[in-house]
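Residue numbers (this note's numbering): 18 to 442. Cβ coordinates follow ideal geometry from the N, Cα and C atoms, glycine included. The structure presented is a predicted model; accordingly, all values stated were derived computationally and were not measured.
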């Protein structure tokens, strides 16, 4: 019966049903057919949302929205341009560097694209960059947000697997910096070949200081948050609340640009985004409970371990599964549906759950850039006003650093784990 539920979900999804309906309808049918009390539906759905770590999700979404509306994003962009605008590629380098800085406040790829990415694409087009190239850089650099703290997908992963969220967030720092370096190197090569425009002079110390000071409060926030979590001063959820209060204070008292309209609009946008994520969390919890009752994860684990017991080989197989899933499902849905099934046999075989979390989320972020249903592709194409075909053509060089990063994370686990281990000592 469990596999029938899975097949029904896949059939509804392929027929174009919204993900939530594709998950819920087979689950409800299972409860009715098995003669289980209907109150079980409400119990499993509400129980999934009774989670303290998940409170961080709407808080970090609120932070990203507030930064966009209160002008903090503009200051980050201005400082990034002053610092690296003269490097070959100019604004394209700013795009990548700015995404790393902004990801430390938004925690989500789509928030990065919709916020800083919109500013970057418009600025690049005005400076003479091809619209498809501007969109490609924006989409590729947006993968940094979900692996650099704070990270909404890593918080969801941690809540599903009961892995330390602090360990997961800290583990994402080095991979994010590595990916940033590889993306900037790729931009440098492409910009040199195509002679893309860049700033007309290297910045003076005065210019760096002029633009650094306004951006400093926003840049400092992720460092304070990470220091607080690793020292045990507060949990990731408390860090999200503190960050939200911090952004409100600097917007109101330091920048003096915060208005009641900004707060209200940020709250409305947050409610919409959070509800879209959390309703999937609730539906997936019911779906996952049914699979657990029917012992689908155990059957899958036996089949997977029957293929190989080598941790690296199993991680490669998991990569393929998540990569294909990422082509069709958003990261939250894929994490909630697949991780409870795939993670146990891999951990049993010796794969570190923290490394698995980073590899899983980064892989799913690549799915956002992969047809046929990559959400980042459609959002970037809409902002840049280009076709998906044009965007994919411009994206081709950027798959090289992204896939290289994924390969390094898969085969060199110490790169991911050394910082969490050092902090844990």
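Note to self: If you measure between the beta carbons of residue 291 and residue 75, is that distance less than 8 Å?
What the structure shows: Start at 1 with the first residue of the chain shown, and residue 291 comes out as number 274. Start at 1 with the first residue of the chain shown, and residue 75 comes out as number 58. Yes, Cβ-Cβ distance for residue 291 and residue 75 is below 8 Å.
- prompt: Beta-carbon separation of residue 73 and residue 254 under 8 Å?
  reply: For the purposes of this step, residue 73 is taken as the residue at position 56 of the chain shown. For the purposes of this step, residue 254 is taken as the residue at position 237 of the chain shown. Yes, the Cβ-Cβ distance between residue 73 and residue 254 is below 8 Å.
Problem set entry | residue 344 vs residue 384 beta-carbon contact at 8 Å | Your numbering for residue 344 matches position 327 in the chain shown. Your numbering for residue 384 matches position 367 in the chain shown. For residue 344 and residue 384, yes; Cβs fall inside 8 Å.
Report the rounded CA-to-CA distance for residue 293 versus residue 300, giving the unit in angstroms.
Translated into the one-based positions of the chain shown, residue 293 becomes position 276. Translated into the one-based positions of the chain shown, residue 300 becomes position 283. Rounded to whole angstroms, residue 293 to residue 300 spans 11 Å at the Cα level.
* For my contact list, residue 386 and residue 149 are in at a C-beta cut-off of 8 Å; report their separation, rounded to the angstrom. => If you number the chain shown from 1, residue 386 lands on position 369. If you number the chain shown from 1, residue 149 lands on position 132. Incorrect: roughly 14 Å between the Cβ atoms, too far for contact.
task: Starting from residue 281, follow the alpha helix (DSSP H) in both directions and report where the run begins and ends.
output: Within the chain shown, residue 281 is the residue found at index 264, counting from 1. Start and end: 277-310.
Q.
Taking the beta carbon of residue 41 as the centre, do at least 16 other beta carbons fall within 10 Å, making it buried, or is it exposed?
A. Along the chain shown, read from residue 1 onward, the residue named residue 41 stands at position 24. It counts as buried.
*Three or more C-beta pairs below 8 Å linking the stretch 148-163 and the stretch 403-422*: With a cut-off of 8 Å on Cβ pairs, the stretch 148-163 is in contact with the stretch 403-422, counting three or more such pairs.
- Which full runs of the alpha helix (DSSP H) of 4+ residues lie inside the stretch 224-286, going along the chain? 253-266, all fully within the stretch 224-286.
- prompt: For residue 435, does the three-state DSSP call read helix, strand or coil?
  reply: In the chain shown, residue 435 corresponds to position 418, counting from 1. Here DSSP, grouped into helix, strand and coil, assigns residue 435 to helix.
| request: Compare the Cα-Cα distances from residue 94 to each of 155, 57 and 65 and report the closest residue. | output: In the chain shown, residue 94 corresponds to position 77, counting from 1. The residue with the shortest Cα to Cα distance from residue 94 is 155.
Residue span of the alpha helix (DSSP H) that contains residue 199, given as start and end: Position 182 of the chain shown, counted from the first residue, corresponds to residue 199. Unbroken alpha helix (DSSP H) run through residue 199: 190-211.
Where residue 123 sits in the DSSP three-state scheme: Residue 123 sits at position 106 when you count from the first residue of the chain shown. A caution first: residue 123 carries a pLDDT of 47, below 50, which makes its placement in the model unreliable, though a value can still be read off. Judged by DSSP in its simplified three-state form, residue 123 adopts helix.
Report task. To the nearest angstrom, report how far apart residue 245 and residue 437 are at their CA atoms. Result -> As a position in the chain shown, residue 245 is number 228, starting the count at 1. As a position in the chain shown, residue 437 is number 420, starting the count at 1. C-alpha of residue 245 to C-alpha of residue 437: approximately 14 Å in a straight line.
Practice prompt. Determine the burial state of residue 347: buried for a count of at least 16 other Cβ atoms within 10 Å of its Cβ, exposed for fewer.
Written response: What you label residue 347 is simply residue 330 of the chain shown in a count that begins at 1. Burial of residue 347 is indicated by the presence of at least 16 other C-beta atoms within 10 angstroms of its C-beta.
- prompt: Do residue 82 and residue 268 have their CB atoms nearer than 8 Å?
  reply: By one-based count along the chain shown, residue 82 stands at place 65. By one-based count along the chain shown, residue 268 stands at place 251. For residue 82 and residue 268, no; Cβs fall outside 8 Å.
(request) Note down the Cα distance separating residue 428 from residue 258, rounded to an integer number of angstroms. (result) Here residue 428 refers to the residue found at position 411 of the chain shown. Here residue 258 refers to the residue found at position 241 of the chain shown. Approximately 36 Å, taken between the alpha carbons.
Q) alpha helix (DSSP H) containing residue 428: first to last residue? A) Taking the first residue of the chain shown as position 1, residue 428 is located at position 411. Residues 405-428.
Report the three-state DSSP secondary structure of residue 182 (helix, strand or coil). If you number the chain shown from 1, residue 182 lands on position 165. The answer is helix: DSSP assigns residue 182 an H, G or I state.
Inset, instruction - Look up residue 348 in the DSSP assignment and say whether it is helix, strand or coil. - result: Within the chain shown, the letter at position 331 stands for residue 348. The three-state secondary structure of residue 348, taken from DSSP, is helix.
I'd like to check one pair, residue 376 with residue 370: are the Cβ atoms closer than 8 Å? Translated into positions along the chain shown, residue 370 becomes position 353. Translated into positions along the chain shown, residue 376 becomes position 359. At the C-beta level, residue 370 and residue 376 stay beyond 8 Å of one another.
Discussion item. Tell me the rounded alpha-carbon separation between residue 318 and residue 404.
Written reply: Reading the chain shown from its first residue, position 301 is the one you call residue 318. Reading the chain shown from its first residue, position 387 is the one you call residue 404. Residue 318 and residue 404 have their C-alpha atoms spaced approximately 41 Å apart.
Measure the CB-CB distance between residue 357 and residue 305 and report whether it falls below 8 Å.
In the chain shown, residue 357 corresponds to position 340, counting from 1. In the chain shown, residue 305 corresponds to position 288, counting from 1. Yes. Within cutoff.
task = Give every residue of the same chain whose Cβ lies closer than 7 Å to the Cβ of residue 68, excluding the five residues on either side of it in the sequence, and list them in chain order.
result = As a position in the chain shown, residue 68 is number 51, starting the count at 1. Closer than 7 Å at Cβ, skipping near neighbours: 176.
Discussion item. For residue 213, tell me which candidate among 307, 103, 48 and 242 has the shortest Cα-Cα distance.
Written reply: By one-based count along the chain shown, residue 213 stands at place 196. Nearest option by C-alpha distance: 103.
- Is the stretch 158-174 close to the stretch 191-201, with three or more CB pairs under 8 Å? The stretch 158-174 vs the stretch 191-201: in contact.
Which same chain residues, not among the five before or five after residue 65, have their C-beta less than 8 Å away from its C-beta? On the chain shown, residue 65 is found 48 positions in, with the first residue counted as 1. Cβ within range, chain order: 298, 299, 301, 302 and 303.
* Asked: What residue from 158, 435 and 62 has the CA that sits closest to residue 416's CA?
  -> Here residue 416 refers to the residue found at position 399 of the chain shown. In terms of Cα proximity to residue 416, the closest of 158, 435 and 62 is 158.
- If we ignore side chains and look at the alpha-carbon of each, how far apart do residue 330 and residue 337 end up? Position 313 of the chain shown, counting from 1, holds the residue named residue 330. Position 320 of the chain shown, counting from 1, holds the residue named residue 337. Cα-Cα distance, rounded: 11 Å.
Residues of its chain near residue 228, where Cβ-Cβ distance is below 6 Å and the 5 sequence neighbours each way are ignored: Counting from 1 along the chain shown, the entry for residue 228 is found at position 211. Non-local C-beta neighbours of residue 228 in its own chain, meaning closer than 6 Å and more than five positions away in sequence, comprise 95, 96 and 99, ordered along the chain.
Self-check item: Straight-line gap, residue 25 to residue 324 (C-alpha atoms, nearest Å)
Solution: Numbered from its first residue, the chain shown carries residue 25 at position 8. Numbered from its first residue, the chain shown carries residue 324 at position 307. Roughly 26 Å between the two C-alpha positions.
For residue 6, does the three-state DSSP call read helix, strand or coil?
-> Outside the displayed range of the chain (18 to 442) lies residue 6, so it cannot be described from this structure.
Grouping DSSP H, G and I as helix and E and B as strand, with all else coil, what is residue 385? Counting from 1 along the chain shown, the entry for residue 385 is found at position 368. Shown here, residue 385 sits in a helix according to DSSP, grouped into three states.
#### Entry: Classification of residue 46 by the beta-carbon crowding that lies within 10 angstroms, buried from 16 upward
In the chain shown, counting from the first residue as 1, residue 46 sits at position 29. Residue 46 counts as exposed, since fewer than 16 other beta carbons sit within 10 angstroms of its beta carbon.
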